[in-house]
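Top to bottom, those sequences are chains A and B.
Heads up: the first sequence begins at -2 in this note's numbering, then just goes up one per residue.
Heads up: the second sequence begins at 90 in this note's numbering, then just goes up one per residue.
Accompanying notes for the structure given below.
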Amino acid sequence: MSSENEHTGDTGHGDNHHPAHLAHHFETPEQQFESGKLGMWVFLATEILMFGGLFCAYAIYRGNHQDVFLYGYGALDKMWGATNTVVLLASSLTMAWGVRAAQKGQQKLLLTMLLLTFMGGVGFMCIKGVEYKAKWDHHLFPGTMNAFYYEGGQPKYPEKLEHAIAYIDGRNLGGEAHGGGGHAPAGHEAGDEAAPQEDSHAVEHDGSQVGDEDARHLGSVSPVIIPAVFGAPADVSTIKPPASPADMGVNDAVIDQAGAVSMPSAQHTQVLWNDLSGAEQKKVHLFFGIYFMMTGLHGLHVLIGMVLIAWLFFKARAGAFSKDYFAPVDIGGLYWHLVDLIWIFLFPLLYLIH
Amino acid sequence: MSVIQDQVKSGGYGGQHGPGETNYINHSKGVLSWLLTLDHKRIGLMYMVAVITAFLGGGLCAIALRTMLYLRAAPDVAPITAGTQDLYNQLFTLHGAILVFMFIIPAVPAILGNMILPLMLGAKDVAFPRLNLLSWYCYMAGATLFLYVLLSGGLDTGWTFYTPYSTSTTTSVAAATMGAFVLGFSSILTGLNFIATIHMLRPAGMGWFKMPLFLWALYATSIIQVLATPVLAITLLLLCAETVLHIGIFDPALGGDPVLFQHFFWFYSHPAVYIMILPGMGIISELMATFCRRQVFGYSFIAFSSIAIALLGFLVWGHHMFTSGQSAMANAVFSLITFSVAIPSAIKIFNWLATMYKGSISLATPMLYALAFIWLFTIGGLTGVFLGALSLDIMAHDTYFVVAHFHYVMVGSMLTSFIGGMYYWWPKMFGKMYNETVAKIAWGLIFVGFNLTFFIQFIAGSQGMPRRYADYLPEFAFYHKFSTVGSYVLAIGLFVVLFNWIHSLIYGRKAPQNPWGGNTLEWHTSSPPPHENFHEDPLVTEPYEMRAWDYDESIDGYVFDKDKAIELDQQSHH
């Protein structure tokens, strides 16, 4: 940051020739470089503390409402998340490469690397946009816009809620098999089927309802299966333990019959809407509040980073940097790596932990 | 050593700059030369105007609410209605929010820190002058948002914005939180700048333990500003999202946790208390040394106690929440750590007292404020220990006892150190002396008025008078009337200070380079300093070695004897 302070005053303090990029209040370029770097590191500390608050909120809500998170997480798309992780990591690589190019005075390489890094940012934001679009389509935006929003104990948008439940339940049951592309056709199908017959949130603690749900979302299931599900525990207020053998048996049967869906692996517990207690069903929208606050604030930082890199690119193209003066590239790189690092934590916390 | 040797040949540098020379104030002209300035001194002055204006606003709110409480003693004169209650709620909220976010937090670092820190380092500027200017604009943007709050329905949540009330009231919570958010950036940028400046721009010969103690205090303050303020930023962002979008995170009706807000809020706002008081303590260290004409006693203890307060300050936020349903274990731990903050605070007090012992004390106005500080901070600090005790806090929570306690620290201590520092550096900042007699009268009014206002609130609080109430039982009428009268005396004293300063700007006698005989580097340049701070590099020696400054009656100031300084410095190395 400091490094942009070229000349602050016209008063010549006419001692020997300062290099053009050396601000008047520094003695040597090294001092200026180290000051800028220190300033950026301190700034990064503030960023970490700022995101720290969000991570803390995440940890508290995840600890207190595990099922809500296990359920809501179904709406997120691992494939896109992983792709974005790769994109950001690659852009960090090109950024680091760019810094090296700047240090060695390789002008062309520097420009290429800055451009690639910028494109990494563009790619990340586009993919994020695709993901947000999917949330929008299924009414999963934060706050009062969320399909899971309850007002006075009643869902604010019963119809959207139906749709969203069907979407997430569908993904939680079979999403991995279908949903890789992010458009989750399985969810749509399930949702379309579910809509006409359903009244699930009205009857919450009924074991048969669980069966109904399973059956519905898996399509053409023989009714014979359903009585077998009646016995399944409808323990709803705590996190579901690893599926009991009885449960597993039922699921096996279901899937065998249905024949279409791949088996959810034994160590995963799929939390469905009716596994949530009435109180927790009303908290699902909180998951999306936290998801959007975390990824939104991170996205904003990516955008700021992109502006910074674009600025560096134009400065570099104008020939501002050389072997002797590359501080802004170095310092901008630090910022970009931090943005990357925060995503490295966001991705597993939001998309992977199960 | 070599630095000193180099400078021997140039001789002393006192008083060789004639009248008509340019200084930072008349260096360039026009509004833009101020609004776009990167000079830390001009930015400090712009902060001064803005912050003192905010102080006036917040202070007038205080006078208004005290007057309402006074009138309430005669119910037939001032019947309590929903309207007056709303007005009262708005007044105490704006009083708190404006004075905390726009006065106490920025006052010393942004005005005196900006002005003096680079001078004390013998530097030309802070490390990042543009960020410094940006921080002033952040302050102005935040202030504008608060102005908008004033004009758009006000704010009645209390300065703490506690949920769930703050997410359900119809007043301008979103604008106020964004205002505090932007003000937070101003604070972060100042802190960041100071950390980098102190690390990178110390002159050759000034190791960490040759820094003036004011710089240690500013450094400790900056650590808090940088590490705590971002947590406030995210808290306010979440609160804003809560208010506008209803994401539910703090709203129990939506499944959120309002106590989480309190944790987040106090994780910033308790350390922020030390943002307020630490730089003031730094000023007191300077005043004690200069006006006792002594090396500060226990220099390294005072330096490290600043850092200790900064670090411990991060671990005590839970003591604001003893009654919020924390576990008994958490309460006990927070209580214990709260007590431990008393240790570094007491270290400072005792070291200052030891500095005064056998010092040759001059009771100039800044020193009077330093003495007031010691009295008021001791009372404020010790009642803080009372409140840190769980059993007493359960009783005193949200009573006037708490109000009195934190006003003794925030007003009694912080404000007196700020005014003391302003008087101390006033000649340096403006090149003008002030009227000493008027200044002393103002000091007396402030000291008496302050104690009249707030001491009795300890008693009212211990009798059970709750804070933030527009109304009270008849038995509290005496306390309230007494306190209100005291607040008028305090206000008159403050206006006399303002008058004294303005009078000095217009009619003040020209100040010498060094009116007090201090040896920190800001006294090694002319008053006011030139645009780039020093005509020649100052001689760096022990900050509190004042024996090389000789009093010269003809200028009523001190003149530097460079040869003597070098001799003293060499002696101290043997």
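For each residue, glycine too, the CB sits at the ideal point set by N, CA and C.
Here the structure is a predicted model, which is why all the values come from computation and not from measurement.
Separation of residue j from residue i, as counted between CA atoms
i, j, result
"residue 445 of chain B", "residue 36 of chain A", "38 Å"
"residue 114 of chain B", "residue 617 of chain B", "8 Å"
"residue 156 of chain A", "residue 71 of chain A", "20 Å"
"residue 407 of chain B", "residue 74 of chain A", "39 Å"
"residue 432 of chain B", "residue 388 of chain B", "16 Å"
"residue 624 of chain B", "residue 270 of chain B", "40 Å"
"residue 452 of chain B", "residue 533 of chain B", "13 Å"
"residue 593 of chain B", "residue 509 of chain B", "16 Å"
"residue 330 of chain A", "residue 111 of chain B", "42 Å"
"residue 252 of chain A", "residue 134 of chain A", "With a pLDDT of 40 at residue 252 of chain A, under the threshold of 50, the modelled position of that residue is not reliable, and the figure given next carries that caveat. Each residue's alpha carbon lies about 29 Å from the other."
"residue 438 of chain B", "residue 507 of chain B", "17 Å"
"residue 648 of chain B", "residue 612 of chain B", "10 Å"
"residue 64 of chain A", "residue 168 of chain A", "15 Å"
"residue 85 of chain A", "residue 120 of chain A", "9 Å"
Cβ pair residue i, residue j closer than 8 Å
i, j, result
"residue 477 of chain B", "residue 498 of chain B", "no"
"residue 246 of chain B", "residue 324 of chain B", "no"
"residue 352 of chain A", "residue 339 of chain A", "The question about residue 352 of chain A has no answer, for chain A in this structure spans -2 to 351."
"residue 582 of chain B", "residue 535 of chain B", "yes"
"residue 603 of chain B", "residue 634 of chain B", "no"
"residue 599 of chain B", "residue 651 of chain B", "no"
"residue 285 of chain B", "residue 319 of chain A", "no"
"residue 368 of chain B", "residue 402 of chain B", "no"
"residue 159 of chain B", "residue 573 of chain B", "yes"
"residue 251 of chain B", "residue 350 of chain B", "yes"
"residue 223 of chain B", "residue 302 of chain B", "no"
Exposed unless 16 or more other CB atoms sit within 10 angstroms - verdict on residue i
i, result
"residue 119 of chain B", "exposed"
"residue 459 of chain B", "buried"
"residue 130 of chain A", "exposed"
"residue 656 of chain B", "exposed"
"residue 345 of chain A", "exposed"
"residue 155 of chain B", "buried"
"residue 27 of chain A", "exposed"
"residue 179 of chain B", "buried"
"residue 645 of chain B", "exposed"
"residue 329 of chain B", "buried"
"residue 660 of chain B", "exposed"
"residue 588 of chain B", "exposed"
"residue 19 of chain A", "buried"
"residue 340 of chain B", "buried"
"residue 374 of chain B", "buried"
Within-8 Å CB hit, residue i to chain B
i, result
"residue 318 of chain A", "no"
"residue 124 of chain A", "no"
"residue 66 of chain A", "no"
"residue 201 of chain A", "Confidence in residue 201 of chain A is poor, its pLDDT being 39 and thus under 50, which makes the residue's placement too unreliable to answer from."
"residue 324 of chain A", "no"
"residue 274 of chain A", "no"
"residue 63 of chain A", "no"
"residue 39 of chain A", "yes"
"residue 25 of chain A", "no"
"residue 287 of chain A", "yes"
"residue 32 of chain A", "yes"
"residue 57 of chain A", "yes"
"residue 21 of chain A", "yes"
"residue 139 of chain A", "yes"
Distance cut-off 7 Å: residue i Cβ against heavy atoms of the ligand SAH
i, result
"residue 142 of chain B", "No copy of the ligand SAH appears in this structure; indeed no ligand is present at all."
C-beta neighbour in chain A for residue i, strict 8 Å
i, result
"residue 214 of chain B", "yes"
"residue 289 of chain B", "yes"
"residue 233 of chain B", "no"
"residue 395 of chain B", "no"
"residue 119 of chain B", "no"
"residue 40 of chain B", "Only positions 90 to 663 of chain B appear in the structure, and residue 40 of chain B is not among them; the question remains open."
"residue 320 of chain B", "yes"
List in chain order: all unbroken beta strand (DSSP E) runs of 3+ residues lying wholly within the segment 28 to 110 of chain A.
none
List, from N- to C-terminal side, the alpha helix (DSSP H) runs of 4 residues or more that fit wholly inside the segment 285 to 318 of chain A.
none
Can you give, in chain order, each stretch of the alpha helix (DSSP H) that sits fully within the segment 425 to 468 of chain B and has at least 4 residues?
none
Ordered list of alpha helix (DSSP H) runs contained in the segment 298 to 374 of chain B, each at least 4 residues
302 to 334
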